[in-house]
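See structure below.
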């Protein structure tokens, strides 16, 4: 795989996992997920937190 293709996968991902997502609006994990959703990110967003059943649902 050439360098341009590798960099494209980093800068234009098809999906993003946010480890440490939170239901608390004051936490960075909440802000990261919210910003991805509100900015129009076209890929899938996977909030990761084993203590949450649902977030932004």
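In the UniProt record's numbering, the protein residues as written are 1 to 57. Glycine residues also receive a C-beta, built at the ideal position from the N, C-alpha and C atoms.
Own chain partners of residue i with C-beta closer than 8 Å, once the 5 adjacent residues on each side are dropped
i          : result
residue 48 : 17, 18, 19, 20, 21
residue 41 : 16
Residue i versus residue j: straight-line alpha-carbon distance, rounded
i          : j          : result
residue 43 : residue 12 : 9 Å
residue 57 : residue 2  : 39 Å
residue 54 : residue 46 : 11 Å
residue 25 : residue 32 : 10 Å
Burial state of residue i (16 or more Cβ within 10 Å)
i          : result
residue 29 : buried
residue 4  : exposed
Extent of the continuous beta strand (DSSP E) run through residue i
i          : result
residue 44 : 44–48
Neighbourhood of residue i by C-beta, 6 Å cutoff - its chain only, sequence neighbours within 5 removed
i         : result
residue 7 : none
Start-to-end residues for the alpha helix (DSSP H) that takes in residue i
i          : result
residue 9  : 3–11
residue 35 : 28–38
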